[in-house]
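Residue numbers (our numbering): 752 to 1204.
So this is what it looks like as structure tokens:
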């Protein structure tokens, strides 16, 4: 499903005006910089630091302007920040391999490794980290569950679940004067939708969310050794449940697990259990955690935009357009990794074979060479669909249509069910305080979306 085209007529003037505003250029990052120092007054770059997590755009602008392929000594990664360079990497799977996509960013201590080993944890190449011949078939299998027609058929279920969750939020808001839409709505909606789409039963959504979030933090965060051991235990529980689920032979043929059981590899052999589990691991995390992060960001930015909230329930296509603009400017998946297959020149920098790249997807959506006036939220900018929030090429996110649809439905439904939330946000009574942010290497989103009466 694609974002709905805006109506003509009365809305057309506003849309045209917004597009004209977007065409005005914007200055790059300011502040003097010493020769060879892309950050100047910003100070050292810390990809996990509070300053970068809170507002990464000054650093991203500096990288894009002065050091578009920049070696980060703290992580050992080469940060690629210009749109054209990132797109080139994504569209060249032979030259830039996905093998490192799921590697733990922070080395795991012995205690965490033991916890994973006891659970039989393994992530062989399946989807995001698969550059081999089995990828195409697995991707086609997964995509069948998330293609546009199937997502369109799921819209009534998405709307029903959103309505149920917002009824509870409405009750809490009326009883207490406030509620948090992150934990009660943004996180839960995509998990329940995914369970219905994939035929998953017998598990509590809260448990799946806890397992998925723990896995993200373990592999993309900078937790302490003690925290890593705790997270490894939860990731191990997740893996054991997935393994038991895949090995259970009673799944309907039209379920994801049933389809994986019938899948054949390019050599004609059946898909092994470990690879099927790895595929499910990726699908569950992408389908619930990252979509929940998108919904939280869309809600947060929608509440903070003067005049937008009251228009969302009534203007056709506005929720879809706003979701698309949030994906451009503030995607939940902020980076992705690749490794060079051979020596290559990228962005004027000579890289050896085996160089570990970090593609700054978040910064690519603010490249002024592609998106004029990138800091301005312009829901109907002409090239809005050109962003790289879902990647590009053979590893482009197979659930993009579902994520877009869920986020737009969630935004429109919340604005219709909680109309006063937008008014209080504009007055500063809700949304005025900065929420805590998820700050992992590849994932960023608000961890609280507070609304008040």
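A virtual CB, placed ideally from N, CA and C, is assigned to each residue, including glycine. What you are looking at is a predicted structure, and each value in this text was computed from that prediction instead of being measured.
Item                                                                                                                                                                                                 : Value
Can you tell me whether DSSP reads residue 1205 as helix, strand or coil?                                                                                                                            : Residue 1205 lies beyond the residue range present for the chain, which begins at 752 and ends at 1204; the question has no answer from this structure.
Within a Cβ cutoff of 7 angstroms, which residues of the same chain sit near residue 943, ignoring the five residues on either side of it in sequence?                                               : 912, 956
Taking only runs that begin and end inside the region 807 to 871, name each unbroken beta strand (DSSP E) of 3 or more residues, in chain order.                                                     : 820 to 823, 828 to 831
By alpha-carbon positions, which one of 1195, 856, 1117 ends up nearest to residue 1129?                                                                                                             : 1117
Assuming residue 1017 and residue 849 form a contact by the criterion Cβ under 8 angstroms, report the distance between their Cβ atoms to the nearest whole angstrom.                                : Rounded, the Cβ-Cβ distance is 18 angstroms, inconsistent with contact.
Distance check for residue 1013 and residue 829, CA to CA, integer angstroms please.                                                                                                                 : 40 angstroms
Quick one: grab the DSSP three-state call for residue 1203.                                                                                                                                          : strand
Rounded to a whole number of angstroms, what is the C-alpha to C-alpha distance between residue 1186 and residue 837?                                                                                : 30 angstroms
Determine the closest residue to residue 1172 out of 1144, 823, 1063, with distance taken between C-alpha atoms.                                                                                     : 1063
Roughly how many angstroms separate the alpha carbons of residue 1037 and residue 871, rounded to a whole number?                                                                                    : 22 angstroms
Less than 8 angstroms between C-beta atoms, sequence neighbours within five positions excluded: which residues of the same chain meet that for residue 1194?                                         : 967, 971, 1040, 1041, 1044, 1083, 1084, 1085
Going along the chain, which unbroken runs of the alpha helix (DSSP H) with 4 or more residues stay wholly within the region 1001 to 1088?                                                           : 1007 to 1013, 1024 to 1035, 1042 to 1055, 1059 to 1062, 1069 to 1080
Is the beta carbon of residue 924 sitting closer than 7 angstroms to the one on residue 1204?                                                                                                        : yes
Taking residue 1107 as part of the beta strand (DSSP E), name the residues at either end of that continuous run.                                                                                     : 1107 to 1110
Consult DSSP for residue 934 and reduce its assignment to one of helix, strand or coil.                                                                                                              : helix
Give every residue of the same chain whose Cβ lies closer than 8 angstroms to the Cβ of residue 857, excluding the five residues on either side of it in the sequence, and list them in chain order. : 972, 973, 974, 979
Can you tell me whether residue 922 is buried or exposed? The criterion is at least 16 other CB atoms within 10 Å of its CB, across all chains shown.                                                : exposed
Kindly indicate the opening and closing residues of the beta strand (DSSP E) around residue 1096.                                                                                                    : 1095 to 1097
DSSP beta-bridge partners for residue 916?                                                                                                                                                           : Answer by DSSP bridge pairing: none, since residue 916 is not bridged.
So, helix, strand or coil for residue 1102, using DSSP?                                                                                                                                              : strand
Contact between the region 1097 to 1106 and the region 789 to 797: three or more CB pairs below 8 angstroms?                                                                                         : no
Are there three or more Cβ pairs, one per stretch, closer than 8 angstroms when the region 1152 to 1171 is compared with the region 892 to 900?                                                      : yes
Would you mind working out which of 886, 1122, 960, 1147 sits nearest residue 1135, comparing C-alpha positions?                                                                                     : 1122
Going by alpha carbons, who is nearest to residue 1147 out of 819, 805, 843, 798?                                                                                                                    : 843
In terms of residues, what are the limits of the alpha helix (DSSP H) holding residue 1192?                                                                                                          : Careful: residue 1192 lies outside any alpha helix (DSSP H) and carries neither H nor E.
What do you get for residue 1065, buried or exposed, if any count of 16 or more other CB atoms within 10 angstroms of its CB means buried?                                                           : exposed
Assuming residue 873 and residue 983 form a contact by the criterion Cβ under 8 angstroms, report the distance between their Cβ atoms to the nearest whole angstrom.                                 : Actually they do not touch by this definition, with Cβ atoms about 13 angstroms apart.
Give me whichever residues DSSP pairs with residue 929 in a beta bridge.                                                                                                                             : 1203
Which same chain residues, not among the five before or five after residue 1188, have their C-beta less than 8 angstroms away from its C-beta?                                                       : 804, 805, 1195, 1196, 1197, 1198
DSSP three-state label for residue 1091, please.                                                                                                                                                     : strand
Report all residues from its chain with a CB closer than 7 angstroms to the CB of residue 1162; omit the five preceding and five following residues, and keep chain order.                           : 1049, 1050, 1053, 1063, 1070, 1073, 1074
Where residue 919 and residue 839 are concerned, what is the direct C-alpha to C-alpha distance, given to the nearest angstrom?                                                                      : 46 angstroms
I think residue 994 touches residue 1008, with their Cβ atoms under 8 angstroms apart; what is that distance to the nearest whole Å?                                                                 : So it is not a contact: roughly 11 angstroms between Cβ atoms.
Using the Cα positions of residue 946 and residue 810, report the straight-line distance between them to the nearest angstrom.                                                                       : 38 angstroms
Can the beta-carbon of residue 1115 be found closer than 7 angstroms to that of residue 1139?                                                                                                        : yes
Among residues of its own chain, excluding the 5 on either side of residue 867, which ones have a beta-carbon nearer than 6 angstroms to its beta-carbon?                                            : 983, 987
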